[in-house]
Amino acid sequence: MSSHTGKFDEYGGQYVPEALMPAIEELEDAYERYVLDNEDGFMDEFRQRLADFGGRPTPLQRADRLSERYDAEVYLKREDLLHGGAHKLNNALGQVLLAKYMGKDRIIAETGAGQHGTATAMACAHLGMPCEVYMGRRDINRQRPNVFRMRLNGAEVTPVTVGRGTLKEAISETMRDWAENVEDTHYVIGSVVGPHPFPAMVRDFQRVISEEAREQTREKAGRLPDSVLTCAGGGSNTMGLFAEFVDDESVDLYAVEAGGSSLEVDEAEGVAPNSATLSTGTEGILHGSRTRILQDGDGQIMESHSVSAGLDYAGVGPELAALVDRDRVTAVNVGDDGALAGFHRLSQLEGIIPALESAHALGYVEDHHEELGEVILVNVSGRGDKDLETVLEETHDRDIEGAPDMDTFESTGGF
Ligand SMILES: *Cc1c(COP(=O)(O)O)cnc(C)c1O
1 MSSHTGKFDE YGGQYVPEAL MPAIEELEDA YERYVLDNED GFMDEFRQRL ADFGGRPTPL
61 QRADRLSERY DAEVYLKRED LLHGGAHKLN NALGQVLLAK YMGKDRIIAE TGAGQHGTAT
121 AMACAHLGMP CEVYMGRRDI NRQRPNVFRM RLNGAEVTPV TVGRGTLKEA ISETMRDWAE
181 NVEDTHYVIG SVVGPHPFPA MVRDFQRVIS EEAREQTREK AGRLPDSVLT CAGGGSNTMG
241 LFAEFVDDES VDLYAVEAGG SSLEVDEAEG VAPNSATLST GTEGILHGSR TRILQDGDGQ
301 IMESHSVSAG LDYAGVGPEL AALVDRDRVT AVNVGDDGAL AGFHRLSQLE GIIPALESAH
361 ALGYVEDHHE ELGEVILVNV SGRGDKDLET VLEETHDRDI EGAPDMDTFE STGGF
């Protein structure tokens, strides 16, 4: 699909206020020169920094006990081992470095759960750029460790108090700041969403995941995988993992969304108890791009839900939406309980505590491994340390398959 026009079939585009067009056009030009054409050796420096600072390449690991359990070859791409504990650094480092090449001297970003803000703050400290992160007041209260991490790395965290005080409002505030300061400021968007060139550019910064994983699978399994699975929120780890496999017709691609507590939507209340945008959303415009979104009959964005904060987003990348419409990618979903079970299973069988986001993909493999062929590649997009508190709370009152006895945790005061 063409990335130059910013259109992915009927999705994508640039739906932004006039005041932002100069910034968007300048970024488009920089994307083409530095990322696509490697001008001034930009991509070489990017890859070198991903290696030295980020620890790339990340391993591809054969999951021995899962392989035995499913009578298949299960391989895990270990993005949890990237510096910062998730794939988000690939994009944050790419964009902050690009801003430097563009002569910008200030970075802004928005963050919901705090993972993207944390990655951006790390990249800014590494490259010596001042960084301001907008974050909803409610999210600040819910995600204190991440707020502290950002500040430790020298970033300023600005609370957004309008509306519900969550990601949606933080994005609007960051857009406003960008429009006012286009001369010296770059806005680092955290997923393959937003106006062109962001969806294509973020995919190209995350593409390194599939460049490595495709080669590593060929080396270790002796051939390409039959199926490739990963979780999808905005879809950046998803597009990063799929990019190099899209032309491999024998490889089935699965985007696993958050089914939350139910796929039913309460239109009157404007609440979706899930974040399954690809499975249940409809076409509309969100954050400068035409894509699939969770909206009510009047086009109001619905409040979404997932046990994993990183998947809790009412939109999805336009290219991923187009690949699903073309039947190249299969959109599926796993609910909160299935993700929690996946979290405990990987922790106990493989000694890897995955992010709750990644656990959705593992939940899908558990229920559908018979349809996934002999060689199965799953992305572990991040590590689960950030989710321990949530898992403790969420597992306690439910009957989660394979979970340790939570009463023991309670009686010993937690840990
Ligand atoms: C943010 C996050 C996600 C979801 O973001 P995508 O853009 O959909 O990849 C998934 N996994 C982890 C670990 C995250 O931090």
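So for the sequence shown, the UniProt record's numbering puts the first residue at 1; every next one is plus one.
Every residue, glycine too, gets a C-beta built ideally from N, C-alpha and C.
- Less than 8 Å separates the beta-carbon of Ala86 from that of Ser381.
- Short note on Glu357: C-beta closer than 7 Å to some heavy atom of ligand 1.
- The beta carbon of Val329 is closer than 6 Å to those of Leu253, Ala255 and Leu323 in its chain, skipping five residues each way along the sequence.
- Here the stretch 80-97 does not lie against the stretch 169-182, with fewer than 3 beta-carbon pairs under 8 Å apart.
- The nearest non-hydrogen atom of ligand 1 is less than 7 Å from the C-beta of Asn237.
- Taking every protein chain shown into account, the CB of Asp387 has 16 or more other CB atoms within 10 angstroms, so this residue is buried.
- Separation of the CB atoms of Gly260 and Ser275 is rounded to 6 Å, and the pair is thereby assigned contact status at 8 Å.
- The Cβ-Cβ distance between Tyr15 and Ile293 does not fall below 8 Å.
- Cβ atoms of Gly234 and Val192 come within 8 Å of each other, at about 6 Å.
- Rounded to the nearest whole angstrom, the C-alpha separation of Ala403 and Asp367 is 17 Å.
- Contact between His305 and Asp312 holds: their C-beta atoms lie close to 6 Å from each other, under 8 Å.
- With the rule of 3 Cβ pairs closer than 8 Å, the stretch 242-251 counts as touching the stretch 202-217.
- Between ligand 1 and Gln115, a heavy atom-to-CB distance of less than 7 Å is present.
- In the DSSP secondary-structure assignment, Val188 is bridged to Ala109.
- DSSP, read as helix, strand or coil, puts Met135 in strand.
- The Cβ atoms of His186 and Met102 sit closer than 8 Å to each other.
- Residue pairing by DSSP places Ser227 opposite Asp252 and Ile376 in a beta bridge.
- When Cβ pairs closer than 8 Å are counted between the two stretches, the stretch 334-345 is seen not to touch the stretch 42-58, the count staying below three.
- One alpha carbon belongs to Asp407, the other to Glu393, and they sit about 11 Å apart.
- Burial state of Arg398 is exposed, judged by a 10 Å Cβ sphere holding fewer than 16 other Cβ atoms.
- Classified as buried, Asp336 has 16 or more neighbouring CB atoms from the shown chains inside 10 Å of its CB.
- If you check the C-beta of Ala232 against ligand 1, you find a heavy atom less than 7 Å away.
- Of the candidates Ser289, Met302 and Ala232, the residue whose Cα lies closest to the Cα of Val265 is Met302.
- Non-local C-beta neighbours of Ala23 in its own chain, meaning closer than 7 Å and more than five positions away in sequence, comprise Trp178 and Val182, ordered along the chain.
- Taken in chain order, the whole alpha helix (DSSP H) runs of length 4 or more contained in the stretch 15-70 are 21-30, 42-52 and 64-70.
- With a cut-off of 8 Å on Cβ pairs, the stretch 106-123 is in contact with the stretch 146-164, counting three or more such pairs.
- Glu211 sits in a helix when the DSSP states are folded into three classes.
- Annotation for Ala86 indicates a beta carbon within 7 Å of some heavy atom of ligand 1.
- At a cut-off of 3 residues, the continuous stretches assigned as beta strand (DSSP E) that sit fully inside the stretch 293-347 are 329-335.
- The three-state reading of DSSP puts Phe8 in strand, counting E and B together.
- Remark: the shortest separation between the CB of Ser275 and any heavy atom of ligand 1 does not fall under 7 Å.
- In this structure the stretch 66-78 does not lie against the stretch 162-177, because fewer than three pairs of beta carbons, one per stretch, are closer than 8 Å.
- Inclusion of Arg137 and Thr161 in the CB contact set at 8 Å is warranted, their separation being smaller than that value.
- Annotated three-state conformation of Arg142 is helix, per DSSP.
- The alpha-carbon separation between Asn333 and Asp40 amounts to approximately 42 Å.
- Taken from the Cβ of Gly382, at least one heavy atom of ligand 1 lies inside 7 Å.
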